[in-house]
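Written below as C-alpha cells is the structure these notes are about.
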Amino acid sequence: MMRMGQIFRVAATAVVAISALSAACALGPNLVVNGSFEEPESTNLWGQGNPASWFAGQSFAGWTVTRGSVDLKRSGLRTGIGGANVGERNAYDGLQFLDLNGHDPGTIVQIITITQPGLYRLSFAMSANIGHLGEVFPNSPRSMQVRLAQGASDLYNGVFTWDPAQHPGQRGHYYDDALFYDWHQVDITINAPGNYELSFASLYTEARANGPVIDDVRLQLVPEPASMLALGTGLVGLFARRRRARA
Ligand SMILES: [Ca+2]
Ligand SMILES: [Ca+2]
C-alpha cells in the first residue's frame with residue numbers, strides 16, 4: 000500500500016504532467032486576420048460581385064485576391080437564388096468559409112507582420128465545393144498551393160489535396176452538415192522579424208467555379224523550449240517544498 004506521501008507525489012506528478020501538456024498545446028494568438036472568413040457577411044449571391052464574390056485586385060477584411068476570384072459562403076443562408084443556398088453547419092468554424100474557385104481558380108494573399116522570431120504553426124481546415132447538390136465533379140480531388148514567403152524566398156511551399164475517396168459522405172453544400180474537412184498543420188521556423196506573405200492558390204481547373212474550400216486559417220507561435228524549462232523549474236520547486244513540509 001502507498002503511504003500518504005507517495006500518494007501525494009503520484010498526484011503531484013500527474014498534475015504537473017497535465018500542466019506540461021497544456022503548456023505545450025498553448026499556442027500564441029492567431030496572427031491571421033479574418034482567418035475564419037467571417038467578414039464581410041456574405042449574401043451567398045455569388046456571381047453578383049461583393050460581398051459574396053471577390054475578384055483579382057480586390058481586398059476584403061485582411062485578404063487580397065491576386066488571381067482569378069473566390070466566393071464567401073455563409074452557412075444557414077437559404078435566401079439566395081438558385082444554387083446559392085448553403086445548409087447549416089457547413090463552415091468548419093463560425094458561419095462562413097471560402098471557395099478558392101470563385102468563377103475561376105483564385106489566389107488569396109495576406110501580409111502578416113512577425114515581430115518575434117521562432118517556431119510558428121500554420122494550420123487550416125480544407126474541404127471541397129462539389130456543387131449545390133453534389134453535381135460538380137464529386138469524385139475529383141481538389142488541390143491548392145499554400146505558401147509563406149518573404150519576397151521571392153519561400154519559408155514554406157506545399158500542395159494540399161482534399162480527396163473525395165477519403166470522404167465518401169460528402170454532399171453538396173445545400174445540405175446540412177454536408178462538408179467534411181481535413182485539418183492540416185505545418186510548423187515553420189521564422190528566423191527574422193518582418194512582413195511575410197501567406198497565400199492560398201487553387202490548383203483545381205477541372206470545374207472552374209467549384210474548388211478547394213478553406214476555413215479557420217491560423218498562424219500561431221509555438222511555445223519555446225524556454226517556457227518548458229521554466230515549468231520544469233517550477234516542478235523542482237514543488238517537490239522541494241513538499242520535502243521540507245514532510246521533514
Ligand atoms: Ca469560418
Ligand atoms: Ca465558386
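First residue of the sequence shown: 0, per numbering that gives the first Met the number 0; consecutive thereafter. The C-beta atom is built at its ideal place from N, Cα and C for all residues, glycine as well.
Closer than 6 Å to some heavy atom of ligand 2: that describes the Cβ of Asp-70. Those residues having their beta-carbon less than 7 Å away from any non-hydrogen atom of ligand 1 are, in chain order, Ser-35, Phe-36, Glu-37, Ala-90, Tyr-91, Asp-92, Gly-93, Leu-94, Gln-95, Phe-96, Asp-214, Asp-215.
Look at Pro-163 here: in three-state DSSP terms it is helix.
Annotation for Asn-100 indicates a beta carbon within 6 Å of some heavy atom of ligand 2. Closest in alpha carbon position to Ala-83, among Gly-34, Ser-198, Asn-43, is Asn-43. Looking only at Tyr-173, Ala-208, Ala-148, the smallest Cα-Cα distance to Phe-199 is reached by Ala-148.
For Ala-208, the shortest C-beta to heavy atom distance toward ligand 2 is below 6 Å.
DSSP, read as helix, strand or coil, puts Ala-83 in helix. Residues Phe-36, Ser-41, Pro-50, Ala-51, Gln-95, Leu-97 of the same chain have their beta carbon placed closer than 7 Å to that of Leu-71, with the five preceding and five following residues left out of the count. Of Ile-189, Arg-66, Trp-53, Pro-39, the smallest CA-CA separation from Leu-118 is found for Ile-189.
Runs of the beta strand (DSSP E) lying entirely within the region 132-208, each at least 3 residues long, are 141-149, 152-161, 181-189, 193-201 in chain order. Distance from Met-143 to Pro-211 at the Cβ level is roughly 4 Å; contact confirmed, criterion being Cβ atoms closer than 8 Å.
The C-beta separation of Leu-197 from Val-31 comes to about 7 Å, placing the pair in contact by the 8 Å criterion. Under the three-state reduction of DSSP output, Ala-127 falls in the strand class. Gln-109 carries a strand assignment under DSSP once its states are collapsed to helix, strand and coil.
Excluding the 5 residues flanking it on each side, Phe-179 has same chain C-beta neighbours closer than 7 Å at Ser-126, His-166, Gly-168, Gln-169, in chain order. Judged by beta-carbon spacing, Gln-184 lies beyond the 7 Å limit of Arg-141, meaning their Cβ atoms are not closer than that value. At a Cβ-Cβ threshold of 7 Å, Asn-89 and Ser-68 do not count as neighbours.
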